[in-house]
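Going from the sequence shown to this note's numbering is simple: count from 1 and add 52.
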Amino acid sequence: MWIPLSYPLRGLWQRKMTTLLAVVGLGTVVAIIAGVLALQQGFERLYTEHGREDLFVFLRPGANGEGESSIRRSQAQILIKSVPEIAQDENGTPLASMECFLAVRRFKIDGGETNVPIRGVQQRTFDLRGDEVRVTEGQRFTPGSNEVIVGRGLLGRIRGCQLGETIVINTTPFKVVGVLDSEGPFSSEIWGDFDRMSDALKREDPNRVIALLRDEVDANAFIKAIESHPEVPTKVLSERDYFMGQTQALSGTLKFLAGL
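Right under this line is the structure:
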């Protein structure tokens with residue numbers, strides 16, 4: 053039996069609010085899924101394009117990221133000074149650096165709060181990073197001082213991040229003396245002196261060590277051997293592999309959310 057097209061159209065009109073809500077709801081779901089997938093792809097590009105193959109990250113065995121890692125300071129010092137596979141400069145100083153890390157809640161300029169990564173670094177970190185990390189305004193923080201440099205990505209977004217302003221971490225005030233530029237994730241971090249940040253964050257031990265290996269070292273063999281080192285067993289990855297691991301974990305979560 054032939055049904056005039058006007059019948060279903062008339063039904064849609066009579067139930068126009070229900071129809072409108074269904075259309076809006078479907079459009080909202082599609083927009084959310086598209087946004088989540090775009091965010092996931094953005095994170096993948098940010099991390100995988102900038103991780104280095106020649107720089108290695110040392111973590112606590114079993115840790116999947118620096119946020120959950122902690123290496124005893126005495127062990128980190130032994131690692132840096134005594135592991136022969138770590139490269140040295142022309143003066144015989146190991147090309148390695150301890151870093152502490154914690155994401156801290158900070159107030160946004162437009163209201164609300166968000167997590168901002170705080171990183172305490174030794175001066176050797178700048179040598180290891182080279183042009184990858186640049187202070188384009190102001191200056192580097194003075195070793196041992198309550199000074200910080202802030203990533204350019206935080207300017208205009210997080211309170212207290214302009215040159216000359218003061219950031220309070222827990223109860224310790226830090227003066228902003230420079231702006232850090234980086235094409236990688238560091239442009240959204242706050243950096244300060246390792247020892248002063250360790251005190252402010254109440255973390256005696258570093259979260260990780262970063263280092264260059266000697267050119268002749270077989271990286272894969274070293275990674276396997278260091279895991280069972282009698283004094284300093286650590287999990288070691290190239291920075292690129294480390295970023296890939298972080299990206300895969302985050303991408304999996306975002307894809308799961310998109311599929312709900």
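Using N, Cα and C, we set each Cβ at its ideal position, and we do this for glycine too. Here the structure is a predicted model, which means the values were calculated and not measured.
Minimum C-alpha distance to residue i - residue among the options
i: R209; options: N167, L147, T223 and S290; result: N167
i: E256; options: E235, N116, L265 and F246; result: F246
i: N259; options: A252, S134 and E120; result: E120
i: G182; options: L107, E241, G163 and D293; result: L107
i: G164; options: T188, R211 and E137; result: R211
i: Y294; options: P285, N143, P237 and C213; result: P237
i: S149; options: E137, R176, G172 and P169; result: R176
i: V156; options: I275, M296, G190 and P169; result: P169
i: I201; options: Q127, K254, E279 and I242; result: I242
i: S240; options: C213, G203, D179 and P225; result: G203
Element boundaries [alpha helix (DSSP H), containing residue i]
i: I221; result: No alpha helix (DSSP H) contains I221, which is instead part of the beta strand (DSSP E) from T218 to I221.
i: D179; result: R176 to R181
i: R125; result: R125 to S134
Alpha carbon of residue i to alpha carbon of residue j, nearest angstrom
i: K287; j: Q174; result: 21 Å
i: L289; j: L154; result: 20 Å
i: D141; j: V185; result: 19 Å
i: A271; j: E217; result: 43 Å
i: L206; j: K160; result: 9 Å
i: V269; j: L215; result: 43 Å
i: R104; j: D162; result: 35 Å
i: V261; j: T188; result: 26 Å
i: R292; j: L264; result: 13 Å
i: M249; j: E235; result: 24 Å
i: F274; j: A139; result: 13 Å
i: N198; j: R171; result: 13 Å
i: R158; j: F226; result: 14 Å
i: P285; j: V135; result: 11 Å
i: A277; j: E137; result: 11 Å
Status (buried if at least 16 other CB within 10 Å, exposed otherwise) for residue i
i: R266; result: exposed
i: F308; result: With a pLDDT of 45 at F308, under the threshold of 50, the predicted position of this residue should be treated as unreliable, though the coordinate-derived value follows. With fewer than 16 Cβ atoms within 10 Å of its Cβ, F308 is classed as exposed.
i: G144; result: exposed
i: A252; result: buried
i: E283; result: exposed
i: E151; result: buried
Residue i, enclosing beta strand (DSSP E) - first and last residue
i: I242; result: I242 to D245
i: F108; result: L107 to L111
i: N167; result: E165 to V173
- the stretch 220 to 238 / the stretch 111 to 118 touching (three or more Cβ pairs under 8 Å): Result no; under three Cβ-Cβ pairs closer than 8 Å.
Does the stretch 224 to 236 touch the stretch 123 to 131, meaning 3 or more C-beta pairs lie closer than 8 Å? Contact between the stretch 123 to 131 and the stretch 224 to 236 is absent, because fewer than three Cβ pairs lie under 8 Å.
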